[in-house]
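Structure, as structure tokens:
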Amino acid sequence: MAYNHNHEASQGSQNHAHKADIFCRDETRVDWHSKALWMLREKRDRAAGSIPEWEQLRQLGSEIKLHTLTHLAQYLETFEQNCIANSIQVHWAKDGAEHNRIVHEILARHKVKKLVKSKSMLTEECHLNPYLEQRGIEVIDTDLGERIIQLAKMPPSHIVVPAIHMKKEEVGELFHELLGTKAGESDPLYLTRAARAHLREKFLTADAAMTGVNMAIADKGAVVVCTNEGNADMGANLPKLQLHSMGIDKVVPDVDSAAVLLRTLARNATGQPVTTYSAFYRGPQPEGEMHIIIVDNGRTEMLKDKILAESLKCIRCGGCLNTCPVYRRSGGYSYNYTIPGPIGIAVGAKIDDTNSIAWACTLCGSCTYICPTKVPLDKIIFHHRRLKAEAGKLPYGKNSYMPLVGKFMASETMLNCSMSVARTALRILPGSLLKPFSGAWGKYRELPVAPNSSFEAWFKKHRSL
Amino acid sequence: MSSKLEILNALKLSALTNHPMPSIDVAPRGDNLIGQFETNLNTVAGTLHKEGGLIALQAKVDELIAQGLQVISLVDGVTANREVPPTAHELKDIDYAVIPGDIGVAENGAIWVNNKNLGHRVTPFICENLILALPANKIVPNMHQAAKEITLDVGEFGVFIAGPSKTADIEQALVVGAHGACSLNVYLL
Ligand code: SF4
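Protein chains in written order, with full-length UniProt numbering: chain A, 1 to 465; chain B, 1 to 189.
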């Protein structure tokens, strides 16, 4: 089937350029993908532009997150205490394995056979679905995009619009095969209605529901869950057992802080003024049970590095993916990590065994510029390159420049220079360095190279800085 | 050592230096709140009924019932043909739910709903169509103001609802009516 075309790119650990190359084989598809994402970027620009205080909100978002991250232990403990006062049961998990074990224990205790789930990048990160399925629990992703890729047996290719890489004809074919819709039917309204009917039955018969968390409000002991489809709330409010998984970075001090982030989240994601549903759960239903699992899974490790730490300000709006020239033309499966795009590089490069995704970036800075919490993505990505260089893990081949560049990347100069200097440096590097393995996403786009500079000249001039 | 302790201990090694909490002081755009609210409600695919209040709302409910539809009302002064059932699942065939909204937000068309007025928490999501009744003097300029005025007491559930449920997950085509209500009408009281 056609949708398997990109599936090849979704498997295994191959470097970014190789996977991008698979995606780029079909150039009209790449153009289509790029255009769809650019549309989101344009909607975002209109939404942001309509709010005169936009820049003030970005600054506030950044500072609220930074404040919380620098007082995280205090806020997490306050959050837990307040949850307990609201009859919410709180669990702590060091890593994905412990998270999955806790979730399974709760479900097993209640003899849960069927779990409805709304979108949660954290549970993707922990690979929860296969863990539960292997233990005999049916897991149903209920966000339409997630359900589509679940039925197609693919991982998400975007954090907000997970099936963005699929054409409606492919969805039609998939639904025809698995949900019994009419053959050849690809109208989005018809297909969405079919999914509504199919999933309604699942909601009504589920034994438990699970959601991610957009914000956890410390002083109330409440979690905020945002969706457009209403799937999180249809799920969590039918069965008597509800579970919510959150990274330690999701906590905010109070409702006022959440309000700031709610103002930018949807505007930056899809250009909507706010998500359709922003639900605040401050306790279980009558006779119900509510569990929150607080997960570290590498986040405290990230906090030990001043630059990487700022990636924990992210609120997962997906805006940086939509604006990224590399993501738009290489697709979500080329990153060797669950989360693609600039934020995927920021949080995934460290464990990227191909040591290539840190280079899937032109350092254009567009992502940093649009981020609602001012995550300094280009700075973080550049920092990852340096860390890889220091660890002797540069992805380059035997090109003559490579050893020099390796040293250069790890040098004190690059350690201390500002991003603007770094950008200049990279602009005047030979194209093969900027696109170290003839990056497939850049094949059809020559990047401007300053004509009168050479890398050697630049390096001589700056090595003494 | 418990995982909680391990995590809290690991946090002590953070490289970030303390950052103060900023004061959130955003100037509201306070002119013509109802007008702003209506524009944004339309943007999120909802419809506003400004005239007629409870009488218009009851007339609408009567009309729906006359069409043979199942309607439940949780708004004082509006009577419908269904009562709150013992279990949430029994709401599955509700065509229209009429629910009081507490606070409207002009900047984005969202309306805050608290579980005290829902019968079951799932009511505004499981109904085919949703009608919210909102006092006209309860529209605030923005989310900062709304954050101050919503109620969410110990153990409660509340939700900002901005329009009917929707999705654009198939090729970015907007489809109204995903898993929640397929339409939203708001009556100003
Ligand atoms: S890094 Fe910023 S732009 Fe990217 S997903 Fe996170 S919040 Fe959005």
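Don't be surprised by glycine CBs; every beta carbon is placed ideally from N, CA and C.
No experiment lies behind these values; they were computed from the predicted model shown.
Of the listed residues the options, nearest to residue i (C-alpha basis)
i	options	result
isoleucine 293 of chain A	A:Gly212, A:Tyr281, A:Ser34	A:Gly212
alanine 360 of chain A	A:Ser366, A:Tyr335, A:Ser245	A:Tyr335
tyrosine 337 of chain A	A:Ile351, A:Glu146, A:Ala222	A:Ile351
aspartate 62 of chain B	B:Lys50, B:Leu188, B:Ala80, B:Asp95	B:Ala80
histidine 176 of chain A	A:Arg41, A:Ala73, A:Ala93, A:Ile148	A:Ile148
glycine 68 of chain B	B:Ile126, B:Asp93, B:Leu118	B:Asp93
glycine 331 of chain A	A:Ser34, A:Thr28, A:Asn15	A:Ser34
glutamine 36 of chain B	A:Trp38, A:Arg41, A:Ser50, A:Thr28	A:Ser50
asparagine 214 of chain A	A:Val260, A:Ala183, A:Lys240, A:Phe203	A:Val260
glycine 109 of chain B	B:Leu132, B:Asp169, B:Pro85, B:Thr151	B:Leu132
asparagine 228 of chain A	B:Glu171, B:Gly177, B:Leu91, B:Glu83	B:Gly177
valine 140 of chain B	B:Cys127, B:Thr123, B:Ile111	B:Ile111
alanine 85 of chain A	A:Ile381, A:Leu303, A:Ala218	A:Ala218
proline 253 of chain A	A:Ala47, A:Gly288, A:Leu66, A:Arg29	A:Leu66
threonine 17 of chain B	A:Val274, A:Asp95, A:Glu63, A:Arg263	A:Glu63
glycine 163 of chain B	A:Phe79, A:Gly61, A:Val274, A:Glu169	A:Val274
Partners in chain B for residue i, counting only beta-carbon separations shorter than 8 Å
i	result
lysine 167 of chain A	Glu171
glutamate 53 of chain A	Val26, Ala27
alanine 216 of chain A	Going along chain B, no residue has its Cβ under 8 Å from alanine 216 of chain A, so there is no contact; the nearest lies around 14 Å.
threonine 300 of chain A	Ile7, Ala10, Leu11, Leu13, Ser14
aspartate 256 of chain A	Ile24, His144, Ala147, Lys148
methionine 234 of chain A	Val122, Phe125, Ile126, His179, Gly180
arginine 70 of chain A	One detail in the question is off: residue 70 of chain A reads as threonine in this sequence, not arginine. Those within 8 Å of threonine 70 of chain A in chain B are Ser14, Leu16, Thr17, Asn18, His19.
methionine 154 of chain A	Within 8 Å Cβ-Cβ: nothing; methionine 154 of chain A doesn't reach chain B, min ~14 Å.
For residue i: DSSP bridge partner residues
i	result
glutamine 242 of chain A	A:Ala209, A:Met290
cysteine 226 of chain A	A:Ser278
lysine 117 of chain A	A:Asp141, A:Met210
isoleucine 111 of chain B	B:Gly104, B:Ile161
glycine 332 of chain A	Its beta-bridge partners do not exist; DSSP assigns none.
lysine 166 of chain B	B:Val176
tryptophan 92 of chain A	A:Ile294
alanine 391 of chain A	Alanine 391 of chain A is not bridged to any residue.
leucine 134 of chain B	B:Leu188
tyrosine 96 of chain B	B:Val71, B:Asn129
alanine 216 of chain A	A:Val223, A:Val251
isoleucine 139 of chain B	B:Gly104
arginine 82 of chain B	B:Ile72
serine 183 of chain B	B:Asn129
Rounded straight-line distance, which links the Cα of residue j to that of residue i
i	j	result
histidine 7 of chain A	arginine 385 of chain A	Model confidence at histidine 7 of chain A stands at a pLDDT of 44, short of 50, so the residue's coordinates are unreliable; what they give is reported in the following sentence. Distance between the alpha carbons of histidine 7 of chain A and arginine 385 of chain A is about 28 Å.
valine 112 of chain A	glycine 235 of chain A	14 Å
isoleucine 307 of chain A	threonine 270 of chain A	28 Å
glycine 318 of chain A	histidine 158 of chain A	7 Å
proline 188 of chain A	leucine 76 of chain A	42 Å
aspartate 26 of chain A	leucine 122 of chain A	31 Å
lysine 119 of chain A	valine 160 of chain A	9 Å
residue 484 of chain A	tyrosine 190 of chain A	Here chain A has residues from 1 to 465 only, and residue 484 of chain A is not among them.
glutamine 134 of chain A	threonine 205 of chain A	21 Å
threonine 276 of chain A	isoleucine 88 of chain A	25 Å
leucine 132 of chain A	alanine 108 of chain A	10 Å
glutamine 70 of chain B	alanine 147 of chain B	34 Å
lysine 374 of chain A	glutamine 59 of chain A	7 Å
cysteine 364 of chain A	aspartate 378 of chain A	8 Å
glutamine 56 of chain A	aspartate 102 of chain B	28 Å
glycine 53 of chain B	alanine 66 of chain B	20 Å
phenylalanine 382 of chain A	cysteine 324 of chain A	15 Å
residue 542 of chain A	aspartate 153 of chain B	Because residue 542 of chain A is not part of the residues shown, which for chain A are 1 to 465, the question remains open.
threonine 87 of chain B	glutamate 53 of chain A	45 Å
valine 175 of chain B	glycine 230 of chain A	13 Å
leucine 199 of chain A	glycine 184 of chain A	21 Å
Where residue i meets chain B, residues with beta-carbon distance less than 7 Å
i	result
glutamine 56 of chain A	Val26
aspartate 305 of chain A	Ala15
valine 260 of chain A	Ile24
glutamate 289 of chain A	Per Cβ cutoff of 7 Å: no residues; glutamate 289 of chain A is ~13 Å from chain B at best.
leucine 238 of chain A	Ala88, His89, Val122
Within chain B, partners of residue i - CB distance below 9 Å
i	result
histidine 67 of chain A	Asn18, His19, Pro20, Met21, Pro22
valine 161 of chain A	Ala168, Asp169, Gln172
Within chain A, the residues that residue i reaches when beta carbons sit closer than 7 Å
i	result
asparagine 108 of chain B	Pro273, Val274
arginine 82 of chain B	Chain A residues near arginine 82 of chain B: none, gap ~18 Å exceeds 7 Å.
leucine 152 of chain B	Lys220, Ala222, Phe280, Arg282
lysine 4 of chain B	Trp92
Interface partners of residue i on chain A, CB under 8 Å
i	result
isoleucine 161 of chain B	Thr276, Tyr277
Partners in chain C for residue i, counting only beta-carbon separations shorter than 7 Å
i	result
leucine 199 of chain A	Protein chains A and B are contained in the structure displayed, whereas chain C is not.
- [ ] Please specify which runs of the alpha helix (DSSP H), each continuous and at least 4 residues long, are wholly inside the segment 34 to 74 of chain B, giving them in chain order.
- [x] Counting whole runs of 4 or more residues, the segment 34 to 74 of chain B contains the alpha helix (DSSP H) stretches 53 to 66.
- [ ] Quick one: which unbroken beta strand (DSSP E) runs of 3-plus residues sit fully inside the segment 37 to 114 of chain A? Chain order, please.
- [x] 88 to 93
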